[in-house]
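Numbering (my numbering), first residue to last: 860 to 976.
We treat Cβ as the ideally placed atom computed from N, Cα and C, and that holds for glycine.
Worksheet: one structure, shown below.
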């Protein structure tokens, strides 16, 4: 098995382990993060209804900053969209990624934007 496939499968295994315990409700939806090599995406999901409440990604945002700065912008934009949708508290789903670097920057920006988790 090649290295890239092994890393992806390990991340998905960690993600499944976290998802056994973390589920979004209508009162407190789940903030899910996906990180690719080039971009970062986040969405707020109500798992009971299977509905995405708010979403943001670095693809639609302008700017040629470093990836951490892009993650901060995505977090701020997601917090703004969540507030418009009436969400004030979420549960954080890091998607099997380490809570470090871009994932942490996104989470901190969401907190600064007013969401609680």
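- A residue is called buried when at least 16 other Cβ atoms come within 10 angstroms of its Cβ; residue 907 does not meet this threshold and is exposed.
- Of the other Cβ atoms in all chains shown, fewer than 16 fall within 10 Å of the Cβ of residue 871; this residue is therefore exposed.
- In this structure, the beta-carbon distance from residue 874 to residue 934 does not fall below 8 Å.
- Annotation for residue 880: no alpha helix (DSSP H) segment contains it, and DSSP assigns it neither H nor E.
- Boundaries of the alpha helix (DSSP H) harbouring residue 941: 926 to 944, taken from the DSSP string.
- Only buried fits residue 952, as 16 or more other CB atoms lie within 10 angstroms of its CB.
- In the DSSP annotation of this structure, the continuous segment of the beta strand (DSSP E) that includes residue 890 starts and ends at 889 to 894.
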